[in-house]
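Structure first, then comments.
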Amino acid sequence: MMKKKWLFWLVPVLALAAAGGWGFNKWSNTGEPASVFYVPNAGDGSISVVNPNDGKKVDTIPLGTKQASHGIAISPDGGIIYSGTGFEGKSLLAIDTKTKKIVKELKFTEGVHGIDIGPDGKYLYVSLNPGLGKTGGGLAVVDTVHFEQKALIQTGEGPAHVAVTADGSQVWVANVNGNTVAVVDARSNKLLKVLPVGKVPNEVAVSPDGKRAFVANVNSNTVSVIDTLTFQTVAEIQAGEAPHGVTVSPDGKQIWVANNKSNDVSVIDGNTLKTVATIPTGAYANHVAFSVDGKWAFVTNRQSNDIVKIDVAKRTVTARIPVGTEPHEISLEDYVAKPSESSKAPLNKIKTGQSGPVQIDAEKLGTEDLDSKQQVKDVTKADFEQYEVFRISFTTHSGDLTSLPIDRNVFLISDNKAKVAPAKWIVQSSDSHHPIYLALFPKYQPGKVSLEVGGIGDKPVTFTWE
113 MMKKKWLFWL VPVLALAAAG GWGFNKWSNT GEPASVFYVP NAGDGSISVV NPNDGKKVDT
173 IPLGTKQASH GIAISPDGGI IYSGTGFEGK SLLAIDTKTK KIVKELKFTE GVHGIDIGPD
233 GKYLYVSLNP GLGKTGGGLA VVDTVHFEQK ALIQTGEGPA HVAVTADGSQ VWVANVNGNT
293 VAVVDARSNK LLKVLPVGKV PNEVAVSPDG KRAFVANVNS NTVSVIDTLT FQTVAEIQAG
353 EAPHGVTVSP DGKQIWVANN KSNDVSVIDG NTLKTVATIP TGAYANHVAF SVDGKWAFVT
413 NRQSNDIVKI DVAKRTVTAR IPVGTEPHEI SLEDYVAKPS ESSKAPLNKI KTGQSGPVQI
473 DAEKLGTEDL DSKQQVKDVT KADFEQYEVF RISFTTHSGD LTSLPIDRNV FLISDNKAKV
533 APAKWIVQSS DSHHPIYLAL FPKYQPGKVS LEVGGIGDKP VTFTWE
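In structure tokens, the structure reads:
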């Protein structure tokens with residue numbers, strides 16, 4: 113999720129003035145801190161409204177129950193808070209940030225645990241948990257306009273916290289009872305993959321560039337690092353005792369992990385994947401989130417019932433904010449920085465297609481990708497100077513894709529409409545279900561270009577970049 117080539121943009125924040133508080137939009141291109149953020153207090157059925165600038169609680173929103181969901185989300189315009197009533201009310205709530213009143217409610221038959229929202233604000237993703245000692249649960253997809261459930265996806269045992277990628281294409285779910293994480297295609301609402309991780313994975317965070325996912329494993333004291341393209345675990349990082357919450361800094365350079373039992377936060381370098389600092393917080397450090405500008409981090413402490421504000425550069429606690437009982441996720445976690453439109457070359461954008469049961473991902477690579485061993489193997493800087501390099505990966509759940517004549521059915525088509533076969537074909541992974549290849553083509557003039565991938569179904573799949 114984390115390379116130096118990425119610059120991050122912050123999409124405009126709209127703060128809505130209102131009596132008693134301000135609404136918070138999770139995107140900003142000004143770099144200004146949010147006016148407020150929101151924290152559900154799972155043990156008393158309320159939401160604390162916190163001013164991050166002066167480090168004070170400014171309001172409390174009661175939900176009318178004794179429980180609140182552990183997750184929370186904010187609409188892109190900052191006007192609606194999405195929270196839940198846990199196992200008591202088993203419902204999803206929409207709360208107006210101006211009036212602090214519940215305007216919509218959707219009932220379920222299982223407890224509402226994690227909540228996240230897509231970047232366009234059209235859909236909410238809600239994890240439903242069956243309860244202690246019970247099997248089942250799932251991920252509910254909710255239309256925010258009609259406040260209706262559109263799909264229910266079985267992700268695994270005990271779905272907990274939910275994370276939508278910055279581009280809105282995938283939803284990641286931590287299954288605490290199954291020791292797995294699930295990946296859902298947000299376009300089709302289909303389960304893409306269920307991956308084994310450590311013991312009791314509680315939360316997953318995806319990096320701003322979408323290339324890595326980080327999973328906090330409570331009973332393993334580790335963070336699993338997953339390559340989101342290959343769905344392979346590439347590292348296991350030792351964290352503190354009982355890592356419960358995890359997030360990535362807006363610039364993608366740091367991963368912060370809240371450790372329940374050691375009462376601290378582990379700071380992990382995004383390049384080396386090594387822990388570089390440990391910051392004491394409070395009793396049962398629960399969840400962690402960054403301010404939009406990345407200058408501050410906030411950590412909820414489940415037993416001391418407060419939030420600490422941390423200076424990210426100095427790694428010191430600057431304020432302690434009393435809130436309700438058992439504070440959990442922070443609404444700032446919804447914010448995920450994206451690559452700026454000016455900094456990302458259009459050809460570097462990953463394209464995704466489908467041929468029957470096979471998903472195909474194609475990406476135009478550059479020399480900047482050489483610094484990631486997980487991204488590119490067996491090519492050099494000289495290859496990039498001589499060739500255009502495309503990475504093509506495939507995903508299916510059955511069959512041997514490596515037996516298909518894919519290498520003889522891949523062509524580059526530039527503006528002159530001529531089909532060009534690869535000058536070099538390099539195997540990156542020979543996994544039968546998830547093979548990955550590099551196709552190297554002769555250099556072409558800048559402009560519209562298409563990559564045609566065949567050899568799988570009746571018709572080839574074409575990817576086009578402007």
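Using the working numbering, the letters of the sequence shown correspond one by one to residues 113 to 578.
Backbone N, C-alpha and C define an ideal beta-carbon position, used for all residues, glycine too.
Here the structure is a predicted model, which is why all the values come from computation and not from measurement.
By the neighbour-count definition (other C-beta atoms within 10 Å, threshold 16), alanine 370 is a buried residue.
Nearest C-alpha to alanine 401 among Ser544, Ile367, Pro231 and Val224: Ile367. A direct Cα-Cα distance of roughly 7 Å separates valine 162 from aspartate 171. Cβ contact annotation for glycine 157 (same chain, cutoff 6 Å, sequence separation greater than five): Leu175, Thr177, Lys178, Gln179 and Ala180, in chain order. In this structure, valine 501 lies near leucine 552, with their beta-carbon atoms less than 7 Å apart. Just so you know, the alpha carbons of valine 316 and valine 573 end up roughly 32 Å apart. For alanine 294, the enclosing beta strand (DSSP E) has its first and last residue at 292-297.
In the DSSP assignment, the residues bridged to glycine 196 are Leu204. The beta-bridge partner set that DSSP reports for serine 336 consists of Val327 and Glu348.
Within the same chain, and ignoring the five residues on either side of valine 429 in sequence, the residues whose Cβ sits closer than 6 Å to its Cβ are Val420 and Ile422. Where glutamate 315 is concerned, the enclosing beta strand (DSSP E) starts and stops at 313-318. In this structure, aspartate 363 lies near glycine 406, with their beta-carbon atoms less than 7 Å apart.
DSSP lists Val224 and Gly250 as the bridge partner or partners of leucine 240.
For glutamine 498, the enclosing alpha helix (DSSP H) has its first and last residue at 493-498. Separation of the CB atoms of glycine 352 and serine 378 is rounded to 5 Å, and the pair is thereby assigned contact status at 8 Å. About 6 Å separates the beta carbons of threonine 479 and lysine 493, which is inside the 8 Å limit, making them a contact pair.
When beta bridges are read from the DSSP output, alanine 263 appears opposite Val253. For proline 308, the uninterrupted beta strand (DSSP E) run begins and ends at 302-308, by DSSP. For threonine 428, the enclosing beta strand (DSSP E) has its first and last residue at 428-434. Burial check for glycine 511: the Cβ neighbour count within 10 Å stays below 16, so the residue is exposed. In the displayed model, aspartate 166 falls within coil according to three-state DSSP, outside both helix and strand. A contact between stretches requires three or more CB pairs, one per stretch, nearer than 8 Å, and the stretch 196-212 fails this requirement with the stretch 268-275. Here glutamate 217 carries a strand assignment [DSSP, helix/strand/coil]. For isoleucine 419, the enclosing beta strand (DSSP E) covers residues 418-423. Residues of the same chain with a CB within less than 7 Å of the CB of asparagine 301, apart from the 5 flanking positions on each side, are Val253, Ala263 and Ile265 in chain order. Contact between alanine 185 and isoleucine 227 is confirmed by a C-beta separation of about 5 Å, below the 8 Å threshold. In the displayed model, arginine 520 falls within a helix according to three-state DSSP. With contacts defined as CB atoms closer than 7 Å, isoleucine 504 and valine 151 fail to qualify as a contacting pair. For aspartate 481, the closest of Thr514, Arg427 and Leu550 by C-alpha to C-alpha distance is Leu550.
In summary, glycine 569 is exposed, with fewer than 16 beta-carbon neighbours lying within 10 Å of its beta-carbon over all protein chains present. Going by beta carbons, threonine 514 and serine 544 fall inside the 7 Å limit.
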